[in-house]
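Below you'll find the structure, written out as structure tokens, and then a few comments.
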Amino acid sequence: MVGTTGLALAAVSLGALLAGPVLAAPFVPAATVEQNLRQQHRVPAPEQEVWWKATGTDMAWNNKHLGELYPSVPVYRDGPVRPLASALRADIAHFLVDTPRGKMRFTDFLDSDQSTNMAVVILAQGKIVFEHYARMQPYEKPIWWSVSKVFTSSLIAILEDRGLVDVSKPVDFYLPELRGSDFDGITVRNVLDMASGVDCSDGTYQRGSCYYEFEASMGDAVRSATSADTPYAFLSTLHAGHWAAQGVGFDYSGVNTFVLSWLVERVMGMPFQDAVTQEFWRKMGAEGDASFLAARHGVALTSGGFMAKARDMARFGLLFTPSRRVVSSERIISTRYLDLLKKGGRPSLLQNARYAADRQALQDVKYNVYQWDRIYTNNDIYKGGWAGQGLLINPDRDVVAVYLGYLKDDDGSEVDVLPRLRQVLDGLYGTH
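Mapped onto the numbering used here, the consecutive letters of the sequence shown carry residue numbers 139 to 570.
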């Protein structure tokens, strides 16, 4: 005797057979064989120039094909994919945003020659409300540049929650190799907030400078006979001096980020990429594995080398929102850390920033904190990447947005996505 459940299953099965198989969307190759060969030949020899100096279409290709050019280390997904439901809003695509050429529909702006945007994905209440791939395929895994930095701070926050890290202690408490270096006595919190005071700024990037030599130790800049073999060796003997006392002002430097990732490795007893796998990627139903650029000795470029699908970076953002259960049954980002991001920053750091551009960019901004570039007055939590990437989270609105891009050939004339994106979100999801 067949019960009603059996009859229902039989009906579903028969319906599926009659309807035929569900076909996947057609696969569209990201490049031709000829394009790939041409671009491979355009990459400079590493002993002559840095690969990422390219702009325009060369940079767009490089950003999406780094796994073909340089070594990387994997970040693994696990378990079933957590699907993201779709609730697309046409009013996002049609929303009028301000541009140097006047008002334009948001998608028209993204597709226009004003922009170098490759992709935008917006989630609201855990559902995809906008997804647009202007210059890439959805399956590609471009580099996120400095958006990568928030993996370090989020791991530190998890270790704080477990009582394994005290950010008021100096970093050399956890990393005795830093005793006697410029980081001797600098607190973990000041490193987190880009307020270490160590004179090794991204803003002084040129051959022979402190930051350039840090990048050379990572294999991400041209090496010389005196370049350190690893970033661990570089930092252990760093004597560049201090531009200010710790905790005085903001000065952006990936050196701070690597110190934090080293601390994570020490406390957790594993390579940084494995910590990202253990605490985030295997738990959030990611669609694909990710990776970190690791051009020298397999050491992850934690300050800017993360590569992943746009949807998966959006899944990571969901961990900071009330819709976290869409991707993880486990609370990974604690309420303590979220409260700290929204309320626990120090406005004085940006007010006393080393460079005028950082001091002048304070409109609608409360502060920077824990490697996040800006916490806005409406609690938008933002981290940007050097070449047009971004992760924007607002827990109060339950909104996440991610985007990817590159630099134009004239290096800087592209119109920034972030103000237009925030204009859309403020217009449709409220200013508060």
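A virtual CB, placed ideally from N, CA and C, is assigned to each residue, including glycine.
Could you give the first and the last residue of the continuous alpha helix (DSSP H) run that contains residue i?
i, result
"M242", "Run containing M242: none in the alpha helix (DSSP H); it sits in the beta strand (DSSP E), 240 to 243."
"Q561", "555 to 567"
"Q263", "First-last for Q263: undefined, no H or E at that position."
"S292", "287 to 299"
"G194", "194 to 202"
"D236", "Looking at the DSSP string, D236 is not in any alpha helix (DSSP H); the run it does join, the beta strand (DSSP E), is 234 to 237."
"L487", "485 to 489"
"A495", "494 to 498"
"Q344", "Q344 -> no alpha helix (DSSP H), and no H or E assigned at all."
Under 8 Å Cβ to Cβ from residue i, same chain only, skipping five residues before and after it: list those, please.
i, result
"R420", "Y214, R215, D216, G217"
"L545", "T193, G194, M197, T254, A525, G526, E552"
"I294", "V303, V305, V326, L330, L398, L401, V402, Y508"
"R558", "V235, D236, T237, F244, F247"
For the beta strand (DSSP E) that contains residue i, what are its first and last residues?
i, result
"N506", "503 to 507"
"G523", "519 to 523"
"A539", "537 to 542"
"L530", "527 to 532"
Please classify residue i as buried or exposed, where buried requires at least 16 other C-beta atoms within 10 Å of its C-beta.
i, result
"G301", "exposed"
"L401", "buried"
"V171", "exposed"
"G141", "With a pLDDT of only 41 at G141, under the threshold of 50, the placement of this residue in the model should not be trusted; the figure read from the coordinates follows. By the neighbour-count rule (16 or more Cβ atoms within 10 Å), G141 is not buried but exposed."
"D547", "exposed"
"Q384", "buried"
"T459", "buried"
"T440", "buried"
"T515", "exposed"
Considering only residues of the same chain and omitting the five flanking positions on each side of residue i, which have a CB-CB separation below 7 Å?
i, result
"E298", "V305"
"V562", "I230, F233, V235, F244"
"L156", "Because L156 carries a pLDDT of 43, less than 50, the predicted location of this residue cannot be relied on, and the following value inherits that uncertainty. Excluding sequence neighbours, L156 sits near nothing in its chain."
"Y505", "G483, R484, P485, L487, L488, I513"
Mapping DSSP to helix, strand and coil, what is residue i?
i, result
"E187", "coil"
"W510", "strand"
"L152", "Annotation note: pLDDT 37 at L152 (below 50); position unreliable, coordinate value reported separately. In this structure, L152 counts as helix in the three-state DSSP scheme."
"S210", "strand"
"G141", "In this prediction, G141 scores a pLDDT of 41, lower than 50, which makes its location untrustworthy; the coordinate-derived value is nonetheless stated afterwards. In this structure, G141 counts as coil in the three-state DSSP scheme."
"A157", "At A157, the pLDDT of 46 sits below 50, so the modelled position is not reliable and the matter cannot be decided from this model."
"S253", "coil"
"T325", "strand"
"E269", "strand"
"V336", "strand"
"S399", "helix"
"S224", "strand"
"P276", "coil"
"P182", "coil"
"P314", "helix"
Spatial neighbours of residue i within its chain, please: C-beta separation below 6 Å, excluding the five flanking residues on both sides.
i, result
"G423", "V219, R220, V465"
Within the region 401 to 475, note down every full beta strand (DSSP E) run reaching 3 residues or more, in order along the chain.
428 to 431
Which runs of the alpha helix (DSSP H) fall wholly inside the region 354 to 395 and span at least 4 residues, in chain order?
369 to 374
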